[in-house]
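Below is one structure, written out as structure tokens; comments come after it.
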Amino acid sequence: MSTHLLWPWLLSLFLLVLLGLFGPGRYVLAEGDSEAPDDDTLVRQAQAGDRHAFNRLVGRHQTLMYNIALRVLGDSDRAADATQDAFVSAYRKIDQYSGGHFRAWMARIVKNQCYDLIRYEKRRPATSLEALLLASSGGAESRPDPAGEHSAPERPDDATLRHEVASWLQEVILHLPIDQRLTLVMSDVHGYSYEEIAAATEVELGTVKSRLSRARRRVRELLQEQSELLPEQYRF
Numbered sequence: 170m171s172t173h174l175l176w177p178w179l180l181s182l183f184l185l186v187l188l189g190l191f192g193p194g195r196y197v198l199a200e201g202d203s204e205a206p207d208d209d210t211l212v213r214q215a216q217a218g219d220r221h222a223f224n225r226l227v228g229r230h231q232t233l234m235y236n237i238a239l240r241v242l243g244d245s246d247r248a249a250d251a252t253q254d255a256f257v258s259a260y261r262k263i264d265q266y267s268g269g270h271f272r273a274w275m276a277r278i279v280k281n282q283c284y285d286l287i288r289y290e291k292r293r294p295a296t297s298l299e300a301l302l303l304a305s306s307g308g309a310e311s312r313p314d315p316a317g318e319h320s321a322p323e324r325p326d327d328a329t330l331r332h333e334v335a336s337w338l339q340e341v342i343l344h345l346p347i348d349q350r351l352t353l354v355m356s357d358v359h360g361y362s363y364e365e366i367a368a369a370t371e372v373e374l375g376t377v378k379s380r381l382s383r384a385r386r387r388v389r390e391l392l393q394e395q396s397e398l399l400p401e402q403y404r405f
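For our numbering, add 169 to where a residue sits in the sequence shown, where the first one is 1.
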């Protein structure tokens, strides 16, 4: 298989390894929660006035939504604000949810909150590397890991190396246009399907594929242009 055909898979793997998202960023059931109600069941309960059901939805999806906001905004405080406001908005609009993919519906609300922050503050998001690494590794200041799992401690040299490369990669992602950035993060970091991304971003399926293709191509170009800045083991 050619390198060109392998590129999307390699980029996804590269992002996952560097950002440490094999666990915390993705939705998994909490320990002892293997028979928990699905999202739509909890939504119906919340629509009937059960606040506990909505709180379970928050606990189930807050880490994923925070990580999406963090990588779109590049700032931990702004990401926390956007996530909190998104869940408040979701609670107020819960009666508008009519089924389908709750996490896509929730991601659309997070997306709108992020866009509002960028639009009204009129500033380029600043990289918050410490927040990025803490959120990726399940540190004390990151949002709770629904699975309650923590990755094994890294050696100091490995942690420093990943710290440096993650900083550079986050800068690359933040240079993408906002629509491409969100699509790339949702697809290659958090594993959303094309259909879920289309629902979350309110665009056609073809637009999702086009944005993702352009984002991957741009990231590849930036990686190749500045490959000498990467440690040898991270070069393509």
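Think of the CB as a built atom: it goes at the ideal place given N, C-alpha and C, for glycine as much as any other residue.
Hey, residue i and residue j are a contact pair by Cβ (cut 8 Å); roughly how many whole angstroms apart?
i: residue 226; j: residue 212; result: 7 Å
i: residue 374; j: residue 364; result: 7 Å
i: residue 241; j: residue 354; result: 6 Å
i: residue 209; j: residue 256; result: No, residue 209 and residue 256 are not in contact; Cβ-Cβ is about 17 Å, not under 8 Å.
i: residue 368; j: residue 269; result: 7 Å
By alpha-carbon positions, which one of the options ends up nearest to residue i?
i: residue 261; options: 346, 359, 217, 382; result: 217
i: residue 377; options: 266, 362, 254, 390; result: 362
i: residue 281; options: 269, 264, 251; result: 251
i: residue 383; options: 243, 253, 342; result: 342
i: residue 371; options: 394, 393, 254, 273; result: 273
i: residue 336; options: 243, 221, 238, 277; result: 243
i: residue 237; options: 288, 360, 381; result: 360
Please report how far the alpha carbon of residue i lies from the alpha carbon of residue j, in whole angstroms.
i: residue 259; j: residue 219; result: 14 Å
i: residue 235; j: residue 356; result: 15 Å
i: residue 334; j: residue 283; result: 25 Å
i: residue 223; j: residue 214; result: 8 Å
i: residue 391; j: residue 206; result: 44 Å
i: residue 358; j: residue 338; result: 12 Å
i: residue 231; j: residue 275; result: 10 Å
i: residue 385; j: residue 266; result: 32 Å
i: residue 389; j: residue 264; result: 42 Å
i: residue 229; j: residue 393; result: 38 Å
i: residue 387; j: residue 381; result: 10 Å
i: residue 253; j: residue 379; result: 31 Å
i: residue 340; j: residue 277; result: 24 Å
i: residue 201; j: residue 286; result: Confidence is the limiting factor: at residue 201 the pLDDT is only 44, short of 50, which leaves the residue's position unreliable and the question unanswerable from this model.
i: residue 196; j: residue 288; result: Below a pLDDT of 50, predicted positions are generally treated as unreliable, and residue 196, at 41, falls in that range; no measurement from the model is reported.
i: residue 239; j: residue 366; result: 17 Å
Check for me: the alpha helix (DSSP H) holding residue i runs from which residue to which?
i: residue 351; result: 347–353
i: residue 209; result: 208–216
i: residue 390; result: 374–394
i: residue 231; result: 220–242
i: residue 358; result: No alpha helix (DSSP H) holds residue 358; DSSP gives it neither H nor E.
i: residue 255; result: 245–261
Got a sec: is the Cβ-Cβ distance from residue i to anything in chain C below 9 Å?
i: residue 339; result: Structure shown: chain C not included; a single protein chain is present.
Can you find at least 3 beta carbon pairs, one from the stretch 246–256 and one from the stretch 343–352, that sit closer than 8 Å? no
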